[in-house]
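Peer 1: Heads up, the sequence shown is in the numbering used here, so the first residue is 92 and it goes up one at a time. By construction, the Cβ of each residue, glycine as well, lies at the ideal position given by its N, Cα and C atoms. Submitted below is the structure of interest, expressed as structure tokens.
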Amino acid sequence: SGGLKPTTEELIAQCPRFRVLVVGKTGVGKSSLIDRVFGTSTAGVADDKPGEAMIEKELISSQNDRFILHDSK
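Have a look at this one:
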């Protein structure tokens, strides 16, 4: 019908990397989720006080570098 349904390749060409921010309350397992799903062990546990978030650190899996994760800790 002439629709322009984008293919995976077209999407990747337009947006080669995706940033994902994982948010939630303290202690609910955000870092554990990132480690498990993306096969990393770099998310770790935060030493920040409740209510503080350091999202500047980028977590990139060696298995798939198209996703850049930020853990709100």
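Report all residues from its chain with a CB closer than 6 Å to the CB of Leu114; omit the five preceding and five following residues, and keep chain order.
Peer 2: For the purposes of this step, residue 114 is identified with residue 23 of the sequence shown, where counting begins at 1. As written in the sequence, residue 114 is Val, which differs from the Leu given in the question. So the qualifying residues of the chain are Ser163.
Peer 1: Please determine, among Thr98, Phe129 and Leu112, the residue with the shortest C-alpha to C-alpha distance to Lys148.
Peer 2: Indexing the sequence shown from 1 puts residue 148 at position 57. For the residues Thr98, Phe129 and Leu112, the minimum Cα distance to Lys148 belongs to Leu112.
Peer 1: State the start and end residues of the unbroken alpha helix (DSSP H) segment that holds Val128.
Peer 2: Against the sequence shown, residue 128 aligns to sequence position 37. It spans Lys121 to Phe129 - the alpha helix (DSSP H) in which Val128 sits, taken as one unbroken run.
Peer 1: If you run the structure through DSSP and keep just helix, strand and coil, what is Ile103?
Peer 2: The residue labelled residue 103 in the question sits at position 12 within the sequence shown. Correct three-state label for Ile103: helix.
Peer 1: Quick check on Leu150: buried or exposed, where buried means 16 or more other Cβ atoms within 10 Å of its Cβ?
Peer 2: Reading the sequence shown from its first residue, position 59 is the one you call residue 150. Counting Cβ neighbours within 10 Å, Leu150 comes out buried, since at least 16 surround it.
Peer 1: What number of angstroms, rounded off, separates the C-alpha of Leu160 from the C-alpha of Arg110?
Peer 2: In the sequence shown, counting from the first residue as 1, residue 160 sits at position 69. In the sequence shown, counting from the first residue as 1, residue 110 sits at position 19. C-alpha separation (whole angstroms): 6 Å.
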